[in-house]
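Asker: Quick one: structure below, then a few questions.
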Amino acid sequence: MGEALTNIFWLGTKEVRSMLHDFALLGLVIYSFSLAIYAQSQGSTGELHSAAIAIVDQDRSQLSRDIANAFLPPYFQKWRVTPKAFAASLMG
Amino acid sequence: MHHRLASGELQLAIEVPPGFGRNVRRGHPAEVGAWIDGAMPFHGESVRGYVQGVHTRFLTEVAAVSRTGRTASPASIEIRFRYNQDFNSNEAMVPSTMSMLLALVPAILMALAVVREKELGSITNLYVTPVRRIEFIVGKQLPYVALAMADFAVLAAMAVFIFGVPLKGSLATLVVGALIYVTATTAYGLLISSFASTQIAALFGTAILTVLPATQFSGMLVPVSTLSGLPLLMGRLFPMTYFLPISIGSFTKSLGFSELGLTIGELALFVPALTLLSLCLLRKQER
């Protein structure tokens with residue numbers, strides 16, 4: 001009985017020891033519980049955040065500029081497209 | 093009501109106080125409460141969008157009724173969906189899932205193939221024969237590239253014939269993109285195999301180093317352009333970020349080589365970069 005328990009103890013701790021010798025595996029364990037979690041928390045949010053929008057201002061009036069300026073960071077990131085480039089993109 | 097919101101049974105609760113209708117008709121300020129379950133921000137944002145839409149429509153209707161003869165809004169907005177007009181989620185998810193599987197499976201198989209040789213000891217062949225490291229890498233990689241292309245053929249056929257996602261763009265562009273992509277993802281597996289010494293580390297490592305960037309940072313759920321910092325870096329340095337626009341572009345957006353050529357070029361940079369890196373890390377002799 002005693003011998004069986006000793007065997008089980010050494011076989012069990014052997015698993016832990018062999019893991020501690022596998023540096024690649026240890027590195028991965030550390031990564032997945034630190035950097036991976038941090039990156040995930042930084043990455044995806046359900047909220048609106050710097051959505052890329054393009055504005056084609058063919059009017060160039062005060063009003064159209066006001067509309068364009070209503071899209072504020074950090075919710076949006078704006079790409080101003082000239083009417084010429086817009087027409088070209090529709091052709092392509 | 094709060095209890096049913098808390099249990100997740102209700103997404104939205106609307107509270108209309110007594111005298112609301114009378115106040116509105118008389119032009120008095122009136123309030124309605126809208127309680128939204130924000131525990132799932134994704135759903136919450138959608139519900140809020142609908143509530144605000146209904147609110148705005150209601151206000152313009154009231155304004156139209158009170159000022160008869162005048163149009164409520166001086167301008168109208170036309171909203172057009174450019175692609176996938178009927179909002180079929182299959183057309184977005186099937187090409188995305190295909191990209192994810194082609195990132196995960198070839199990389200895992202490749203990493204295991206090399207590390208298994210390390211564990212079995214047959215890697216001694218590399219150590220003792222004059223085989224050069226590049227020959228070893230290419231010889232190991234090519235069968236898995238072929239296997240991954242067979243996977244791709246099956247997945248693409250399933251997308252078209254089972255899920256009914258039409259391939260609107262150029263098949264040739266998609267095939268070229270996929271070939272470069274699976275070469276890059278097998279090279280990714282090779283890179284992981286160069287520092288993993290056990291099969292468990294190779295399997296676990298490839299899975300965790302692939303699944304996080306693939307699902308979160310490559311544009312599958314959130315556009316890459318909205319990311320910043322570490323997630324952006326992880327996304328930009330992962331091949332799937334470049335294959336996803338090729339896959340979705342070919343299937344749903346009916347794009348061809350002229351639009352996707354640049355993306356394919358960027359994707360192609362992964363192949364020499366990853367191969368060179370594994371070449372540097374692969375030892376000709378065991379430590």
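Residue numbers (the numbering used here), protein chains in the order written: chain A, 1 to 92; chain B, 93 to 379. Don't be surprised by glycine CBs; every beta carbon is placed ideally from N, CA and C.
Give the DSSP-derived three-state secondary structure of isoleucine 169 of chain B in the structure shown.
Answerer: Coil.
Asker: Cβ of leucine 352 of chain B less than 7 angstroms from any chain A Cβ?
Answerer: Not an interface residue.
Asker: How about phenylalanine 349 of chain B: is its C-beta nearer than 7 angstroms to some C-beta of chain A?
Answerer: Closer than 7 angstroms: no.
Asker: Strictly under 7 angstroms for the Cβ-Cβ distance: is alanine 293 of chain B near chain A by that measure?
Answerer: Answer yes: the Cβ-Cβ gap between alanine 293 of chain B and chain A drops below 7 angstroms somewhere.
Asker: Below 8 angstroms on C-beta distance, what does alanine 36 of chain A contact in chain B?
Answerer: Within chain B, the residues near alanine 36 of chain A are Ile300 and Leu304.
Asker: Buried or exposed for tyrosine 334 of chain B, going by 16 or more other Cβ atoms inside 10 Å?
Answerer: When all chains shown are included, tyrosine 334 of chain B counts as buried.
Asker: Applying a beta-carbon distance threshold of less than 8 angstroms, which residues of chain B neighbour alanine 68 of chain A?
Answerer: Within 8 angstroms Cβ-Cβ: nothing; alanine 68 of chain A doesn't reach chain B, min ~14 angstroms.
Asker: Using a Cβ cut-off of 7 angstroms (strictly closer), state whether histidine 49 of chain A contacts chain B.
Answerer: By this cut-off, histidine 49 of chain A is an interface position.
Asker: Roughly how many whole angstroms lie between the Cα atoms of glycine 161 of chain B and alanine 155 of chain B?
Answerer: Any reading at glycine 161 of chain B must be qualified, since the residue scores a pLDDT of 49, below 50, and its modelled position is unreliable; no value is offered.
Asker: Taking 7 angstroms as the threshold (beta carbon to beta carbon), is serine 61 of chain A in contact with chain B?
Answerer: Not an interface residue.
Asker: May I ask which residues mark the beginning and end of the beta strand (DSSP E) holding phenylalanine 93 of chain A?
Answerer: No answer is possible for residue 93 of chain A: the residues shown for chain A start at 1 and end at 92.
Asker: What does aspartate 22 of chain A touch in chain B if you count any residue whose Cβ is under 9 angstroms from its own?
Answerer: Result: Ala288, Ser289, Thr290, Ile292 and Ala293.
Asker: With a cut-off of 8 angstroms on the beta carbons, I'd call proline 323 of chain B and glycine 43 of chain A a contact; round off their distance for me.
Answerer: Right, the Cβ-Cβ distance comes to about 4 angstroms (below 8 angstroms), so this counts as a contact.
Asker: State the beta-bridge partners of tryptophan 10 of chain A as determined by DSSP.
Answerer: Paired residues: none, contrary to the question.
Asker: Provide the residue(s) that pair with valine 56 of chain A in DSSP beta bridges, ordered along the chain.
Answerer: BP columns for valine 56 of chain A point to A:Val81.
Asker: Determine the direct distance from the alpha carbon of phenylalanine 330 of chain B to that of threonine 298 of chain B, and round the result to whole angstroms.
Answerer: Cα-Cα distance, rounded: 13 angstroms.
Asker: For leucine 151 of chain B, which three-state DSSP category applies?
Answerer: Three-state result, leucine 151 of chain B: helix.
Asker: Taking 7 angstroms as the CB-CB cut-off, is serine 64 of chain A touching chain B?
Answerer: Output row for serine 64 of chain A: interface = no.
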